[in-house]
Amino acid sequence: MAQVEATTQREIAAEPEKVFDALADYNGARSEVLPEQFSEYEVREGGDGEGTVVHWKLQATTKRVRDCLLEVSEPADGELVEKDRNSSMVTTWRVTPGARTNSARVTVTTVWNGAGGIGGFFEKTFAPKGLARIYDDLLARLASKVE
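The C-terminal residue of the sequence shown carries number 146 in numbering that gives the first Met the number 0, and the numbering is unbroken.
Here it is in structure tokens:
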């Protein structure tokens, strides 16, 4: 099994704290910026950053749907980590000051243990690009909300 990683980032014209607060608001802003690949969204515990438990189904491709039950932690300032209880998938959101004044750079990285063999080769080759497109869409929606 090889580790698979997908990363994308976006510069958003808003204060880093405002952007982070929106990402950490699982009861409100986060649910509002999810693209159509996310379904059955439900906050099960908490709802604001650390200690939140949230469920969704992520349809990465027409054939692949992940049932995700995520525990949220905040290991550092400007960082949210979502660990899936149902798989090895971990998504890390980092919000740092952007290149421009009053802007934020959001980087999202998802890693998981991929399949072995030929299936694993295709997963490692194509899954990161597909997941990056989904998160690019989410970040564009987030930018529209907070800018």
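Built from N, CA and C at the ideal position, the CB exists for glycine as well.
Around the Cβ of Glu81, are there at least 16 other Cβ atoms within 10 angstroms (buried) or fewer (exposed)? buried
Within the chosen definition, does the stretch 136 to 145 reach the stretch 7 to 21 through at least 3 CB pairs nearer than 8 angstroms? yes
I'd like the ranges of any beta strand (DSSP E) spanning at least 3 consecutive residues and lying wholly in the stretch 26 to 71. 37 to 44, 52 to 58
Glu16, DSSP secondary structure in three states: helix
Taking the CB atoms as reference points, tell me whether Ala131 and Ala5 lie closer together than 7 angstroms. yes
Minimum C-alpha distance to Gly77 - residue among Gly97, Gly45, Ala139, Thr61: Gly97
Taking the alpha carbon of Trp55 as the point to measure from, which residue in Glu41, Val94, Ser72, Arg93 has its own alpha carbon closest? Glu41
Hey, Val107 and Thr95 are a contact pair by Cβ (cut 8 angstroms); roughly how many whole angstroms apart? Rounded, the Cβ-Cβ distance is 12 angstroms, inconsistent with contact.
Can you list, in chain order, the residues of its chain with a C-beta nearer than 8 angstroms to that of Glu73? Leave out the 5 residues immediately preceding and following it. Ala23, Gly48, Glu49, Leu79, Val80
Would you mind giving the Cβ-Cβ distance between Leu138 and Val105, rounded to the nearest angstrom? I have them listed as a contact below 8 angstroms. 6 angstroms
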